[in-house]
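K.L.:
Residue numbers (the numbering used here), protein chains in the order written: chain A, 1253 to 1529; chain B, 1253 to 1529.
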């Protein structure tokens, strides 16, 4: 029975931890400094509390890093510092160059490194089809952990960076176009032609666009960092990064909708984008 | 019978001129310095050659400017310089601020100005549904010219800038996402995950994406300027212009496919984007 350390049980991370448990692993996490909501989420996901990161690193054969993009390098640095020598998965939405750098940090002291990219929402149900793409020489060890779980794990390459690149290029369109459509609505509003644009788009496209823009607002605060990682991915491959620098700015301007009880109307979203200018 | 001067009979312009003829106008154009292909196109579209811009300005009651975005201001400046005093339509893909500036140039000497934005391909058939959106106080005079023609003309506002803004915000998505998808394919190729990305996208989305990217190559050379106008439109409204600065760069990198006899394969398009880096 493999002992798996999960960093950290956010909404996505907790579902990944629960999936590892389904696959037969003992999953532990470190509660020090974490909120009550996170503790409750971890408990409901069947994770065992080992209290400190030091305990987690000492006990785990495998560590799964599932955290916001801007924390990925720090988390890896702390784990390396504590002398981890097992297998480390970084499953975060980060640029392949950042992943490769994290891989060097992790392997410097003899641990092994696997690259991961998650596509889809939290893996609460196998029907959701949440994908964990894996790459690197030890990728199959991670895939085995999720065998028979709600998370569909698959190995796509033996190269570190591949799984991150797949995540980045997929999100480049889905989240990139949500940001673009949000900005377009605001520009059209400012120029007094939003009704005309929506008529030209037609009812169905307009309805879908409003739905996407509105549904995105609660999550926008954490997409800014992901957009900057996508921009770095594009630049790293020699293509223009500015598409997603713009998307990052749009999401930053919508960050105020974080944790709002009610989903805003389209007028409120458009006003927020125009007010921030 | 209104005499309408058309500047210039490119592929789109010739179809607009022909539509004005259908509507009952006498349509003239100035052939000096134009290519044989343009002369033939103008002839086939039923336009009468008045040879010089000076003659065109002196004879026309209405002038229609349909030209590449970067020429729009120059064309208007030349017409104003020649003392035009009728109604001038700028139907080009330019930012509303540029349109408003052109309006000032045109009206300075007593002429009247109408803003226009064309959405759709050349208006060769009424079924194509090509739209000419119009705005400004004299917009209905232009709409009347196209009554009963292949071009659907409609007045959306009495404000100069509205028709341009509608054109810009509509093209922001259609052409912007074509550029984005082109760049995504190139990044995925560079990172060795294009097949994985296309599998995640699914057959239908992948097929449509390849089709859009390939079909765009022959026209890419003239989209760079339009993307820069869209970027200016966004910046002018206080939203990020970088989405379309990136799109402009992608189209510039594909400009070499101009006038190629054969449509390139997707591999060739991707290679062109990677080679230019």
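The beta carbon of each residue, even a glycine, is placed where N, CA and C say it ideally should be.
(1) Leaving out five residues before and five after residue 1229 of chain B in sequence, what residues of the same chain have Cβ atoms less than 6 angstroms from its Cβ?
(2) Determine whether the Cβ of residue 1279 of chain A lies closer than 8 angstroms to any Cβ atom of chain B.
(3) Excluding sequence positions up to five away, which residues of its chain have a Cβ less than 6 angstroms from the Cβ of residue 1370 of chain A?
(4) One question on the structure: do residue 1504 of chain B and residue 1496 of chain B come within less than 8 angstroms of each other, judged by their Cβ atoms?
(5) From the DSSP output, in three-state form, read off residue 1387 of chain B for me.
(6) Looking at chain B, is there any beta carbon in it that lies within less than 8 angstroms of the beta carbon of residue 1501 of chain A?
(7) Step through the CB atoms of chain B and report whether any lies within less than 8 angstroms of the CB of residue 1508 of chain A.
(8) Residues of the segment 1433-1448 of chain B in Cβ contact with chain A at a cutoff of 8 angstroms, in chain order, please.
(9) Buried or exposed: which applies to residue 1443 of chain B, given that a residue is buried once 16 or more other Cβ atoms fall within 10 Å of its Cβ?
(10) Restricting to Cα atoms, I'd like to know which of B:1525, B:1526, B:1486 is closest to residue 1349 of chain B.
(11) Can you look up residue 1288 of chain A in the DSSP assignment and give me helix, strand or coil?
(12) Quick one: measure Cβ to Cβ for residue 1271 of chain B and residue 1422 of chain B, integer angstroms, because I've assumed they're closer than 8 angstroms.
(13) Over the uninterrupted beta strand (DSSP E) stretch that includes residue 1314 of chain A, give me the two end residues.
(14) Report back the beta-carbon spacing between residue 1368 of chain B and residue 1394 of chain B to the nearest angstrom; my notes put them in contact at under 8 angstroms.
(15) In the structure shown, what three-state DSSP assignment does residue 1361 of chain A receive?
(16) What are the residues in the segment 1393-1424 of chain A lying within 7 angstroms of chain B by C-beta distance?
(17) Residue range of the beta strand (DSSP E) that residue 1469 of chain B falls in?
(18) Could you have a look at residue 1409 of chain B and say whether DSSP puts it in helix, strand or coil?
(19) What's the C-alpha gap between residue 1526 of chain B and residue 1392 of chain B?
(20) Kindly indicate which three-state DSSP category residue 1378 of chain B falls into: helix, strand or coil?
(21) Provide the residue(s) that pair with residue 1366 of chain A in DSSP beta bridges, ordered along the chain.
(22) Counting contacts by CB-CB distance shorter than 8 angstroms, is residue 1346 of chain B in contact with chain A?
(23) Would you check if the distance between the CB atom of residue 1489 of chain B and the CB atom of residue 1506 of chain B is smaller than 8 angstroms?
(24) My guess is that residue 1338 of chain B and residue 1314 of chain B are in contact by the Cβ rule of under 8 angstroms, so how many angstroms apart are they, rounded?
(25) Does the segment 1273-1284 of chain A come into contact with the segment 1295-1306 of chain A, if we say contact requires no fewer than three beta-carbon pairs (one atom in each stretch) closer than 8 angstroms?
(26) Since residue 1433 of chain A and residue 1464 of chain A are thought to touch, with beta carbons under 8 angstroms apart, how far apart are those beta carbons, to the nearest angstrom?
(27) Using a beta-carbon distance cut-off of less than 7 angstroms, what residues from the segment 1473-1498 of chain A approach chain B?
(28) Bridge partners for residue 1258 of chain A per DSSP, in chain order?
(29) Measuring only between beta-carbons, confirm whether residue 1452 of chain B sits less than 8 angstroms from chain A.
(30) Give the straight-line distance between the Cα atoms of residue 1372 of chain B and residue 1414 of chain A, rounded to the nearest whole angstrom.
(31) Quick check on residue 1429 of chain A - is its C-beta less than 8 angstroms from some C-beta in chain B?
(32) Quick one: grab the DSSP three-state call for residue 1278 of chain B.
(33) By DSSP, does residue 1303 of chain B sit in helix, in strand, or in coil?
(34) Using a Cβ-Cβ cut-off of 6 angstroms (strictly less than) and excluding sequence neighbours within five positions of residue 1500 of chain B, which residues of its own chain qualify?
(35) Below 8 angstroms on C-beta distance, what does residue 1525 of chain A contact in chain B?
(36) If the cut is a Cβ gap below 9 angstroms, which residues of chain A does residue 1371 of chain B touch?
P.N.:
So, from the data block:
(1) Nothing about residue 1229 of chain B can be read from this structure; chain B reaches only from 1253 to 1529.
(2) So, not an interface residue.
(3) Result list for residue 1370 of chain A: 1343, 1384, in chain order.
(4) Inclusion of residue 1504 of chain B and residue 1496 of chain B in the CB contact set at 8 angstroms is not warranted, their separation being larger than that value.
(5) Look at residue 1387 of chain B here: in three-state DSSP terms it is strand.
(6) For residue 1501 of chain A, the answer is yes, since a Cβ of chain B falls inside 8 angstroms of its Cβ.
(7) Closer than 8 angstroms: no.
(8) Taking 8 angstroms as the Cβ-Cβ cut-off against chain A, the residues of the segment 1433-1448 of chain B that qualify are 1433, 1435, 1436, 1438, 1439, 1440, 1442, 1443, 1444, 1445, 1448.
(9) Around the beta carbon of residue 1443 of chain B, 16 or more other beta carbons lie within 10 angstroms, which makes this residue buried.
(10) Measuring from the Cα of residue 1349 of chain B, the nearest candidate turns out to be B:1486.
(11) Residue state, collapsed to three classes: helix.
(12) Rounded, the Cβ-Cβ distance is 20 angstroms, inconsistent with contact.
(13) From DSSP, the beta strand (DSSP E) with residue 1314 of chain A extends over 1314-1317.
(14) Residue 1394 of chain B and residue 1368 of chain B do touch by the CB rule: their CB atoms are close to 7 angstroms apart, below 8 angstroms.
(15) In the structure shown, residue 1361 of chain A sits in coil (DSSP, three-state: anything other than H, G, I, E or B).
(16) Answer in chain order: 1408, 1409, 1411, 1413, 1414, 1417, 1418, 1421, 1422, 1424.
(17) That residue, residue 1469 of chain B, is in no beta strand (DSSP E); it is neither H nor E in DSSP.
(18) Of the three classes helix, strand and coil, the one that applies to residue 1409 of chain B here is strand, per DSSP.
(19) Rounded to the nearest angstrom, the two C-alpha atoms are 48 angstroms apart.
(20) DSSP places residue 1378 of chain B in helix when its eight states are reduced to three.
(21) DSSP, once it has assigned bridges, lists A:1341 as partnering residue 1366 of chain A.
(22) With 8 angstroms as the cut-off, residue 1346 of chain B does not count as an interface residue toward chain A.
(23) Cβ distance not < 8 angstroms, so residue 1489 of chain B and residue 1506 of chain B don't count as in contact.
(24) 6 angstroms between Cβ atoms; contact.
(25) For the pair of segments examined, the segment 1273-1284 of chain A was found to touch the segment 1295-1306 of chain A: the number of CB pairs separated by less than 8 angstroms reaches three.
(26) Contact flag correct, Cβ pair sits at about 7 angstroms.
(27) Answer set for the segment 1473-1498 of chain A: 1485, 1486, 1489, 1490, 1491, 1492, 1494, 1495, 1497, 1498.
(28) DSSP lists A:1316 as partners of residue 1258 of chain A.
(29) By this cut-off, residue 1452 of chain B is an interface position.
(30) C-alpha separation (whole angstroms): 39 angstroms.
(31) Residue-level contact by beta carbon holds for residue 1429 of chain A and chain B, with a gap shorter than 8 angstroms.
(32) DSSP places residue 1278 of chain B within a strand segment (E or B) once states are collapsed to three.
(33) Coil.
(34) These residues qualify, in order along the chain: 1476, 1479, 1480.
(35) Chain-order list of chain B residues neighbouring residue 1525 of chain A: 1491, by C-beta distance under 8 angstroms.
(36) Result: 1452.
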